[in-house]
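According to mature numbering (1 follows the signal peptide of the UniProt record, and there is no 0), the stretch in the sequence shown is residues -24 to -1, 1 to 256, in order.
Ideal Cβ placement from N, Cα and C applies to all residues, glycine included.
Predicted, not measured: the structure shown is a model, and the values here were computed from it.
Notes for the one structure printed next.
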Amino acid sequence: MNFSLAKLNFVYLSFFVFVRLASCTCFLPNGTAKEDEATRACSNDPASPLSKICCQTGWDNAPGNDTKFGPTADECLPSGVCRNRGFSSKPGEEYPPWDHFYRVTCTNQDWDEGGCLDVCSSGFNADQVVQLTPCDDTATSEKWCCGDTKDCCAAGFEYKAVYIPQKLGSLNKINQTLPTGKSNADDLLHDARIGFGVGIVAASCVFFALGYILARYRCQRKLRDMSKQITPGELSGENTATQESEWKGGVVNELDSDGQAHELPDSEQHHRRSMVDQGT
């Protein structure tokens, strides 16, 4: 009986420990479990957004203390950022006071489920804890750089700063995708080039249409001018007698002042015939 009770207690305790460990497991963005003695959820209240955020709050040394007594515990900020403060007076390892910020881990193995501080979590950053640097040097900043510099805070830098609201849960999912070598200035320049190209094409089409209309107008005007120079008689064929003048047996027909054909006198005919014979 005692053996059965002890066995039952062991099974119950094992199940409790398993559930406890499973509920406290924290994961990197790539889904890998990040197990250490200090990493744990920031809140035990399932209703709190921080219940899914993991920081290294388990160290015994309080935040801001001397690390000669051991690592200092993290602080969970309302934004989901993990804050670590401290200094070192340990001989040979002296270090002035620091105030660092990190994106650590999440209780969701699949970060796409939401609830995680999903920033600086793509590429090689998905495999590790990442330091964050606030653009305004405060813990309440909403613009952050991935890494230990503020280079991304400057306009035109290769990478854009990520947005982190002061309170986690203000956004369902924080978009932290970084552009590959593109800045705001590059985007504006690209848009301007596209607009300039479209403008050139549109202007070319307008000038082509105007040129076509002008050429068509000039052609029609020229035809009208030519039609005005042709007499009604030429159009009706009444004065074709001059075009039909020909040599008929050496006799030249000419038109008199009335437009009637008549034969030249014999002497004139003989004279012109002689000239023709001589010419031949």
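Residue i versus residue j - alpha carbon distance
i: residue 56; j: residue 69; result: 30 Å
i: residue 74; j: residue 86; result: 32 Å
i: residue 94; j: residue 51; result: 18 Å
i: residue 58; j: residue 17; result: 11 Å
i: residue 125; j: residue 107; result: 10 Å
i: residue 65; j: residue 45; result: 10 Å
i: residue 132; j: residue 140; result: 20 Å
i: residue 263; j: residue 41; result: The structure shown does not extend to residue 263, since the chain is modelled only from -24 to 256, so the question has no answer here.
i: residue 81; j: residue 11; result: 10 Å
i: residue 136; j: residue 111; result: 11 Å
i: residue 71; j: residue 89; result: 40 Å
i: residue 213; j: residue 186; result: At residue 213 the pLDDT is 49, less than 50, meaning the model places this residue with poor confidence; the figure from the coordinates comes in the next sentence. When rounded, the distance between both Cα atoms is 40 Å.
i: residue 105; j: residue 79; result: 6 Å
i: residue 24; j: residue 30; result: 13 Å
Own chain, CB closer than 7 Å to residue i, minus 5 neighbours either side, in chain order
i: residue 219; result: Low confidence applies to residue 219: its pLDDT is 44, below 50, so where it sits in the model is not reliable, and the reading given next is rough at best. Taken in chain order, the list of residues that qualify is empty.
i: residue 222; result: Note on residue 222: pLDDT 42, under 50, position unreliable in the model; the coordinate value appears next. No residues qualify anywhere along the chain.
i: residue 282; result: This structure cannot speak to residue 282, because the chain is shown only from -24 to 256.
i: residue 118; result: 139, 140, 141 and 142
i: residue 189; result: none
With 16 other Cβ atoms within 10 Å as the buried cut-off, status of residue i
i: residue 91; result: buried
i: residue 230; result: Caution is warranted here: a pLDDT of 45 is assigned to residue 230, below 50, making its placement in the model unreliable, and no coordinate value can be reported.
i: residue 67; result: exposed
i: residue 165; result: Bear in mind that a pLDDT of 46 at residue 165, under 50, signals an unreliable position, so the model cannot answer this.
Beta-carbon separation (whole angstroms), residue i vs residue j, contact threshold 8 Å
i: residue 116; j: residue 28; result: Contact doesn't hold; Cβ gap of about 21 Å is too wide.
i: residue 54; j: residue 144; result: 6 Å
i: residue 123; j: residue 109; result: 6 Å
Close beta carbons around residue i, own chain, < 6 Å, minus the five adjacent residues each side
i: residue 142; result: 55 and 116
i: residue 14; result: 32, 34 and 35
i: residue 9; result: 1 and 3
i: residue 97; result: 5
i: residue 26; result: 18, 19 and 52
i: residue 103; result: 6
i: residue 127; result: 133
i: residue 43; result: 62 and 64
Proximal residues to residue i (C-beta, below 8 Å), its chain only, five neighbours per side dropped
i: residue 48; result: 35, 37, 38, 39, 40, 41, 60, 61 and 62
i: residue 129; result: 111, 119, 121 and 137
What ranges does the beta strand (DSSP E) occupy inside the stretch 3 to 51, keeping only unbroken runs of at least 3 residues that lie completely in it?
15 to 17 and 29 to 32
Going residue by residue through the stretch 83 to 140, where are the continuous beta strand (DSSP E) segments of at least 3 residues, counting only ones entirely within it?
106 to 110 and 119 to 122
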